[in-house]
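See below for the structure under consideration.
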Amino acid sequence: MITCRSNSELRTALEALSSAGSMKESSTKTKVGFIPTMGSLHEGHLSLISQAVADSSITVASIFVNPTQFGPGEDFDAYPRNQRRDLRLLQGTGVDIAFLPSVQDIYPAACSTPILAAPSLSSCLCGDTRPGSHFDGVATVVDRLFRIVAPSTAWFGEKDWQQLQVIREMASTLHPALEIKSGLTVREPDGLAMSSRNAYLTPTQRFQARAVPVAMQAVRQLTPTLGISAALEAGRSVLLDAGLACEYLEVRSAETLTSYPHGASATPQSLDGLRLFVAARVGDVRLIDNAALTYAHLTETAPAAGSSQSALAA
Ligand code: PAF
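7 is the number of the first residue of the sequence shown in my numbering; add one for each residue after it.
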């Protein structure tokens, strides 16, 4: 694995790997797979990376804690950073290049125009509850990274479903040749979605955090009998009873993120294409999650032994 700490080091490494590859296989075009991350890697990242490695001839993973996607009073300074551990983890994955750019590489003074995320996708859910223009910051950094790395395929986790839709939309207009792929949410054995922010949880908070997947499962199980609104009320009670502050627990269209038609009947067909979204705080720690709201998933059982993929994975 080559570690690149600037755009120019990245360019040199990509050129060297591409020409080495094309000497070996003269007929195949280099396929660059890219996994952007903010570091503090966990199994969710590693699962995305292994899919990208299997799918690409050259794989690049970036680590950059992006200041522009943190709002005032959020955890930019405290965000967990451990480059040595992250690089050690990446070594074992088959990634060819670890890209650790500087702020100057991503945001040179001469290039200050931000990308505005599509308002229909970015103004609800986390766009409404996080301070600042979180998704403009995400769209801007991902666009810059795409221009620097020039990948064929880029990989994102479904745990950040709203981010995934914002990026898909941005890429469809600004990077039409680029393929965006997603990986299922990876979960702890008790169903909690893996997240770098789980590291903030005290043991008591970690226990309380279990209420997030429990509330989601309650909504999914109760929807067929109670309907969506009453099932959501029951899910909010699960969060409240566990001492969590619910920022949102909502059902929306998976692709457009528009609200579901209120009063709609909860038939299997009508739930198709709907997704359940949650954000809740345990103390100061903000947890988000999402899952499909279909009958099919309600019959799923616990993950196979040794697997961290849970029943809630969409
Ligand atoms: O999901 C993340 O880790 C970040 O939002 C991303 C996509 C790397 C942009 O900074």
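Backbone N, C-alpha and C define an ideal beta-carbon position, used for all residues, glycine too.
Note that the structure is predicted; figures quoted are calculated from it, not measured.
N-terminal and C-terminal residue of the beta strand (DSSP E) that residue i is part of
i: V109; result: Where V109 is concerned, there is no enclosing beta strand (DSSP E), although the alpha helix (DSSP H) it sits in stretches over V109 to I112.
i: F82; result: Counting along the chain, F82 falls outside any beta strand (DSSP E), and DSSP gives it neither H nor E.
i: P42; result: V38 to T43
i: G163; result: T159 to G163
i: A115; result: Premise fails: A115 is in no beta strand (DSSP E) and is neither H nor E.
Own chain residues within Cβ distance below 6 Å of residue i, not counting five before or after
i: Q168; result: L131 and C132
i: D196; result: R216
i: I41; result: L54, I55, A58, A67 and W161
i: L228; result: A237 and A240
In DSSP terms, what residue i is bridged to
i: C130; result: Partner(s): none; C130 has no beta bridge.
i: V288; result: V291
i: T9; result: A104
Alpha helix (DSSP H) segment containing residue i, residue limits
i: S235; result: I234 to D247
i: T146; result: H140 to V155
i: P73; result: Here P73 belongs to no alpha helix (DSSP H), and DSSP marks it neither H nor E.
i: E194; result: Unbroken run through E194: none, as it is neither H nor E.
i: A177; result: W167 to L180
i: T210; result: P209 to A215
i: D92; result: Q89 to Q97
Which of helix, strand or coil DSSP assigns to residue i
i: S24; result: helix
i: V225; result: helix
i: L250; result: coil
i: L293; result: strand
i: L282; result: strand
i: E261; result: coil
i: T18; result: helix
i: G53; result: Note that residue 53 is Ser in the sequence shown here, rather than Gly. Looking at S53 - three-state DSSP - the assignment turns out to be helix.
i: I186; result: strand
i: P120; result: coil
i: T273; result: coil
i: T300; result: coil
i: V220; result: helix
i: V101; result: coil
i: R136; result: coil
i: R203; result: helix
7 Å Cβ shell around residue i - same chain, five flanking residues per side excluded
i: R150; result: I112
i: D36; result: Correcting the residue identity first, residue 36 is Thr in this sequence and not Asp. Here the set comprises S24, G27, S28, S63 and I64.
i: Q97; result: M7
Residues of its chain near residue i, where Cβ-Cβ distance is below 8 Å and the 5 sequence neighbours each way are ignored
i: A205; result: S46 and P86
Query raised in the report: If you pair each beta-carbon of the region 72-81 with each one of the region 227-247, do three or more pairs fall below 8 Å?
Result: no
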